[in-house]
Amino acid sequence: MVKNKFYAVVRGVKPGIYESWIGKDGTEEQVKGFPNALFKGFKTRAEAEEWYAKKGALPSLSSKKKGAKRFKIKPVAQGTSPSKAVSSKTSEDHIEDASNISEILIYTDGGCLNNPGPGGYGVVCVSGNRRKEYSGGFRMTTNNRMELMACIVAMRALRSKYPARIYSDSKYVVDGINKGWAERWKTNNWMRTKTEKAENVDLWSELLQLCEKYTVTFTWVKGHAGNPENERCDELAGEAMSKKGLPSDRNYEKGKTQVAP
53 MVKNKFYAVV
63 RGVKPGIYES
73 WIGKDGTEEQ
83 VKGFPNALFK
93 GFKTRAEAEE
103 WYAKKGALPS
113 LSSKKKGAKR
123 FKIKPVAQGT
133 SPSKAVSSKT
143 SEDHIEDASN
153 ISEILIYTDG
163 GCLNNPGPGG
173 YGVVCVSGNR
183 RKEYSGGFRM
193 TTNNRMELMA
203 CIVAMRALRS
213 KYPARIYSDS
223 KYVVDGINKG
233 WAERWKTNNW
243 MRTKTEKAEN
253 VDLWSELLQL
263 CEKYTVTFTW
273 VKGHAGNPEN
283 ERCDELAGEA
293 MSKKGLPSDR
303 NYEKGKTQVA
313 P
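This note's numbering applies: residue 53 is where the sequence shown begins, and numbers increase by one.
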């Protein structure tokens, strides 16, 4: 029997075609411990590439894919702060699919032009057989605020007890939660140090409230490392910040980012 020589990784640390299972750059390193990893071994590269193209080319991965179905947050009204932006309330807005769920996977990204400047966020949520995208933008904001906003928008869409894992390339966000920085700032009346106030208090406050409501794990990932879902989030954020007539990030524009809502 001929053993598999090629492996196609659709969902993993770094999706792609691999020629070995073990080793530093082997398939095992890409899928071990990765939630809902999707991969398969083949005897030839051609078979691996064919399967990868079929399984990996999910409709929503490309904004130009014909027939791709989009699910997005309703546009935020002019003058609305990100912390007050409300998602669509349609029955299709939540992201859970009751079948085949062990953990909801959430990919996020945010950024802005020139920082500060026009900004946007992008979110991809994978839940069982369901996949949803969310995006939005503001006319004047910061990178960190959009990274936070991406996580907040994703968590607003949660509706059940299923645990979720958020993949973000923002150490500001991930360390802020995992290292307890945000909780400490809150305990100290939103002071980073004895003399310096914390920033983005309005968004951190909401994010901490959502973390108390749901079971969510934050995981840092390297940006632009070839993960198609993270790349899609970057694309969504870029599209959002490039739109005309963006609403106001009211708290930022009024200088109230250090004030709790």
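No residue lacks a Cβ here, since even glycine has one placed at the ideal position from N, Cα and C. As the structure is a computational prediction, the values presented were derived from the model and not from experiment.
- Counted as a single uninterrupted DSSP element, the alpha helix (DSSP H) harbouring G228 occupies residues 223-230.
- E281 has its alpha-carbon roughly 15 Å from the corresponding atom of N181.
- Proximity to S72 across V65, Q82, R63 peaks at Q82, based on C-alpha coordinates.
- Take the alpha-carbon of G174 and the one of L157: they are about 14 Å apart.
- Residue pairing of Y219 in beta bridges, as defined by DSSP: Y159, T271.
- Counted as a single uninterrupted DSSP element, the beta strand (DSSP E) harbouring I69 occupies residues 68-70.
- In this structure the stretch 176-191 lies against the stretch 203-214, because at least three pairs of beta carbons, one per stretch, are closer than 8 Å.
- For E305, the enclosing alpha helix (DSSP H) has its first and last residue at 302-305.
- For the pair of segments examined, the stretch 284-298 was found not to touch the stretch 264-274: the number of CB pairs separated by less than 8 Å stays below three.
- Taking the C-beta atoms as reference points, W237 is found no nearer than 8 Å to L200.
- Less than 8 Å divides the Cβ of T194 from the Cβ of G171.
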